[in-house]
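Numbering (the numbering used here), first residue to last: 182 to 599.
Where a beta carbon is used, it is the ideal one built from N, C-alpha and C, also for glycine.
Predicted, not measured: the structure shown is a model, and the values here were computed from it.
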């Protein structure tokens, strides 16, 4: 909503006269500006709306440019300069430009940051045509790669692991297709966690999780005909989800963390169906989990120590972690072990911490490497191609470390480990 003061606020005690709530209050915050020549107010949310100035009581808004499809989002804006109206479409990655004030059904005279409309009359969104991801989570399995993007509810798939910059995906799955006639493909959630491994039954397993949903395929889905084998929402067996689901898997167990309830649900092998209750549970103040089959790693954003460690061989009902990593971190969002090496995405300090031995990390040793930083004391973001900005997700396979950046980096970077 937009808070409106009919007169200029002069103290911290001032309160708005009223709030302007857009038609679709969940879509975007209304942003805009006054036209200095007419005094009218123009706000963009899902629609572009004209208001008669800012009177003492709520005015009635008039939608304008109604035949234009706007993608405003949380950072949209309107500015009127030198006889042109510039509409910033934050989620569309473009500016729609009108000569004068748009009429009720006006179309933009031109766009900035976009080539214009495509053959269907839809404005081109270069975030889509360039396959930009948001808060990526990387996984590889069987020679393929999958990267999830949470904001736009998508899974980008490469049939072969890319080896060049800017490689475009072969396939894009949507996790917002709740009306699909196949219940295994009908879903609507923001994916923010994945697992890819050889499961307890000896077959490959790829899983996504986020919000109150998790979905499992028996490989990275490289064809449009590859349907999931599990699509579970809200509950499973005797468990009702609180939210912020995160998934992990290895050759013995399937793990599901409920980030809201701070409980890890554990199955010996893949859950059979929606009626299959977990074999045991572990209470833990963590926000993400990973397993390499030897170590179960829990990462906590806020609680210190940030990294909790369990040997997979000794997991049981509510077993306590056998070790922690207490090195100073700033909001770490991911950690995993691969080949005995511990990697931690130290998100708030814009780096990846590496211990060449998890045993040394548990014993209190300092990291052996600080990826994305020039020294152990470098904790500030930089702007070169080799620096990290909000490193937040990790994946290690085939001699490479993949690092996904959270807002506002959005990149996926690859490091050779030899």
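Here DSSP, grouped into helix, strand and coil, assigns residue 495 to helix. For residue 226, there is no enclosing alpha helix (DSSP H), as DSSP marks it with neither H nor E.
In the structure shown, residue 254 adopts helical secondary structure according to DSSP, grouped into three states. Per DSSP, the unbroken beta strand (DSSP E) holding residue 374 starts and ends at 374–379. Check the Cα spacing between residue 506 and each of 528, 480, 496 and 530: the tightest is with 480. By the beta-carbon neighbour count (other beta carbons within 10 angstroms, threshold 16), residue 483 is exposed.
In the three-state reduction of the DSSP assignment, residue 362 falls in the coil class, being assigned neither a helical nor a strand state. The beta-bridge partner set that DSSP reports for residue 390 consists of 374 and 395. Comparing alpha-carbon positions, the option among 319, 232, 458 and 325 lying closest to residue 390 turns out to be 319. Counting along the chain, the unbroken alpha helix (DSSP H) around residue 308 starts and ends at 307–310. Going by DSSP, residue 543 is part of the alpha helix (DSSP H) stretching over 539–543. Counted as a single uninterrupted DSSP element, the stretch harbouring residue 564 is not any beta strand (DSSP E), since DSSP gives it neither H nor E. Following the DSSP letters along the chain, one finds residue 515 inside the beta strand (DSSP E) bounded by residues 515–519. Considering only 535, 381, 518 and 194, the residue with the shortest C-alpha distance to residue 449 is 381. With 16 or more other Cβ atoms from the protein chains shown falling within 10 Å of its own Cβ, residue 211 counts as buried.
Nearest neighbour of residue 218 by Cα position, chosen from 393, 262, 596 and 182, turns out to be 262. Where residue 354 is concerned, the enclosing beta strand (DSSP E) starts and stops at 352–355.
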